[in-house]
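Taking the numbering used here, the leading residue of the sequence shown gets 18, the next gets one more, and so forth. Working notes, beginning with the structure itself.
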Amino acid sequence: MKKISYFAAAIVWSIFSFNPVSSQVVDPVKWSAAYKPLSSQSGEITFTATIDKGYHIYGAYFEEGGPVRTHFTFPSSNEYSLNGKLKEVTSPVRKKDPAFDNMEITLLSGKAIFSQKITLKNNKELRIPVEVEYMACTNETCLPPVRKTIEVHIPASATVGNTTATETDTTASVSANTVSADTTPKSSSDSAQITASVTNIETNQSADNESLLHFLLIAFLAGLAAILTPCVFPMIPMTVSYFMRSGESTVRNRLQGVMFGVFITLLYAAVGIIVSLTSVGAGFAAQLSYHWLPNLIFFALFVVFALSFLGLFEIVLPSKLVNAADNKAEKGGWLGVFFMAVTTVLVSFSCTGPIVGALLVEAMGKFALKPILGMAVFGLAFSLPFTFFAIFPSTLSKLPKSGGWLNEIKVVLGILILAFGIKFLINIDQTYHWDIISREFVLTFWIVLSLFLGMYLLGKIRMLHDTPVERTGVFRLLLALTFFYIAIYLFTGLIGRNPLHPLAAFLPAQKQLVYEMPEKQLPATLNICEKPKFSDILPNPAGIPAYFDYQQALACARQLNKPLLIDFKAHSCSNCKKMEAKVWEDPDIKNFIAQNFVVASLYTDERSPLPSETNINGTIAKTLGEYNLNLEIEMFRTNALPLYAIIDPQGNVLAGPIGTEYNKEKYLKFLQEGINKYPQK
């Protein structure tokens, strides 16, 4: 699920050596807590995370289905009650994560502070064991999710000062069978190297900047598109004539034309300011992202906007408001120029309203400046033709005449808004795991709309208020062919011939086929000896048949006398998914792995319970993920993800372990090293 590189410019500050004997388990986050009384019966608990340089954790509020959010769990008690929601005191950095279909996530680095207000039921001394779950990552490597218990001490009748707390580690996650001594890998060399490029979290801002630039470009193009609508385009000559009145100097008229454009830009920016002040707040973006109600409202708004552009009705402002602004404009002067701009904005609202509304919905809740900048850029583009023709009025004669083509532009915009609006239904469906709106449904919907637009532009389909198409011009034909091409492109994705990577951010996740083992044994070339456990719920990596149970994979490697490629990963690890998409999906690497290795795909955050508790050198695992995590630590003294290693059936390390490596040649060299060393065993 990811396609764009995380950062435009990564600053590599550390490449560290990894020794499978002496390396330590990485724990880059230290927690502390303090209690501050607010009254005799209430107080505030502050949790502080001190995060090592180069690492970050995730915020508490963003859409489910991505990396592990920081979450605090208070035990039920009659001694206290929580007052309100957890507050992120430290403002997180917002960015879209291409590893999770460009889902917007929040990141915290350096020092992260959270607070929770509580109400005390009595004045007794309390010790509250609060469990915090979080996940630490660099820009290249993610560690498995961790759960720690922080004991918060509230003294009897606490009235002043802060009360500190301590943290205690607890087990984090998953399991399978017992690891015996002869299957614990032993390094074939004194040390193994694991390389990870670690980038300071501040460079995450580059991804946000890229996202903002894309949004501003869309806003600018939307402003230009709004000009080509029936209620705006005819206004250009009438508005420009306002600045060509006799008795006024040419310089003054041109200056007023420029100020007219400035006023329009400021008016739209003011709309952005209002939206920004009313939408941005703690947790607001998260609510917009995953809660069903705002997503349903936004979908309904997009449908209303689309139907308005399709001619079913018009969204208009009260005529009294428009007339009042027009009367003020007639008075002339600089104040008249301002009210002329107001009149233009109000009169054009029936055409610009749906476009502005769609932009604001996309901008809301991201960060404070996004609606403001978006509306300012929209207003700037919208005002450019008015300003240009006010400065150069002689060029007005070159404008095309108004006609039915203006209404056709409205229809095209309406269909595009309708196509984009389904995104909000997808958000609801994926967040609540309804699996109603499938990838195939969305692609079919878009194909139908693309074909509709192609036929519409050729004049084969007509809408309300349309005029007959007398002839098909070159531009109309090219535009129609463009939509037919889009339909064909989408169809290739529908039939599975094209992964449609550029559209992945808007599409539901592609369902991977889970490998099913027939009753009889498959050919040995598939490197599968028996049906893999958990294969009914876990996908094969890059479509390569794999085991998800270490012991089962090791047994098959012994049976087939082949090396075992171990892949430690996690559902919530974006770098793991990027490795599969960028490296494992490469045909040469994919075929090399499938032909030469038994693959163990070991999820360290898989919640599937084990048939029975499993002990790995004294550590109890109850779930598959806990088992795999403990196994990784036992084998390689690290919990970094992703992690790849090649071992022989006796548990000897042939190659690796290595971490994230997007260079395909280097990764293939790592695989070849394992093959070259295997015949010597």
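Backbone N, C-alpha and C define an ideal beta-carbon position, used for all residues, glycine too. Given the structure is predicted, the values throughout are model-derived calculations rather than measurements.
Integer Cβ distance of residue i from residue j, believed to fall under 8 Å
i, j, result
"residue 391", "residue 233", "7 Å"
"residue 564", "residue 616", "7 Å"
"residue 318", "residue 374", "6 Å"
"residue 320", "residue 466", "Not a contact, Cβ separation roughly 13 Å."
"residue 76", "residue 109", "4 Å"
"residue 584", "residue 506", "The Cβ separation is near 33 Å, so there is no contact."
"residue 658", "residue 610", "Incorrect: roughly 19 Å between the Cβ atoms, too far for contact."
"residue 240", "residue 355", "Actually they are not in contact, since the Cβ atoms of residue 240 and residue 355 sit about 20 Å apart, beyond 8 Å."
Unbroken beta strand (DSSP E) run spanning residue i, endpoints
i, result
"residue 126", "Unbroken run through residue 126: none, as it is neither H nor E."
"residue 163", "163–171"
"residue 387", "Per DSSP, residue 387 belongs to no beta strand (DSSP E); it is in the alpha helix (DSSP H), 386–408."
"residue 91", "Element bounds for residue 91: n/a, residue is neither H nor E."
"residue 158", "Neither: residue 158 is in no beta strand (DSSP E) and is coded neither H nor E."
"residue 48", "46–54"
"residue 249", "No beta strand (DSSP E) contains residue 249, which DSSP labels as neither H nor E."
"residue 693", "No beta strand (DSSP E) holds residue 693; the alpha helix (DSSP H) holding it covers 681–694."
"residue 13", "A query on residue 13 cannot be resolved here, the shown segment of the chain reaching from 18 to 698 and no further."
"residue 111", "110–114"
"residue 101", "97–105"
Per DSSP, cross-strand counterpart(s) of residue i
i, result
"residue 564", "617"
"residue 294", "According to DSSP, which records beta bridges pairwise, residue 294 is partnered with nothing at all."
"residue 431", "Beta-bridge pairing links residue 431 to no other residue."
"residue 661", "584, 675"
"residue 73", "154"
"residue 134", "61, 100"
"residue 626", "640"
"residue 80", "Answer is none; residue 80 lacks a bridge partner."
"residue 121", "113"
Residue span of the alpha helix (DSSP H) that contains residue i, given as start and end
i, result
"residue 147", "Premise fails: residue 147 lies in the beta strand (DSSP E), 143–151, not in any alpha helix (DSSP H)."
"residue 669", "Counting along the chain, residue 669 falls outside any alpha helix (DSSP H), though it belongs to the beta strand (DSSP E) covering 669–675."
"residue 650", "641–653"
"residue 464", "456–474"
"residue 505", "491–511"
Selected residue, minimal CA-CA separation from residue i, among the options
i, options, result
"residue 289", "393, 558, 163, 82", "393"
"residue 678", "623, 638, 597, 619", "597"
"residue 282", "311, 313, 403", "403"
"residue 408", "269, 123, 490, 621", "269"
"residue 287", "491, 389, 330, 65", "389"
"residue 101", "654, 118, 133", "133"
"residue 429", "688, 452, 445, 468", "468"
"residue 664", "237, 173, 613", "613"
"residue 643", "164, 427, 48", "164"
"residue 441", "92, 425, 120, 103", "120"
"residue 267", "406, 356, 360", "406"
"residue 575", "667, 412, 96, 115", "667"
"residue 622", "639, 483, 607, 231", "639"
"residue 497", "396, 291, 510, 473", "473"
"residue 152", "656, 652, 236", "656"
"residue 117", "172, 81, 686", "81"
"residue 595", "167, 159, 582", "159"
"residue 605", "559, 514, 377, 592", "559"
"residue 552", "546, 628, 562", "562"
"residue 694", "681, 670, 167", "670"
"residue 130", "686, 78, 66, 89", "66"
"residue 489", "499, 476, 586", "476"
"residue 173", "147, 142, 166", "142"
"residue 70", "50, 126, 89", "126"
"residue 124", "330, 147, 72", "72"
"residue 680", "696, 365, 603, 432", "603"
"residue 253", "546, 400, 79", "400"
"residue 672", "593, 147, 495, 580", "580"
"residue 502", "484, 463, 478", "463"
"residue 513", "457, 499, 544", "457"
"residue 365", "249, 84, 89", "249"
"residue 139", "167, 148, 171", "171"
"residue 550", "112, 492, 641", "641"
Within-9 Å CB hit, residue i to chain D
i, result
"residue 240", "Looking for chain D here will not work: only one protein chain is present."
Heavy atom of the ligand GDP within 8 Å of residue i beta-carbon
i, result
"residue 600", "With respect to the ligand GDP, the structure shown offers nothing to examine, as it has no ligands at all."
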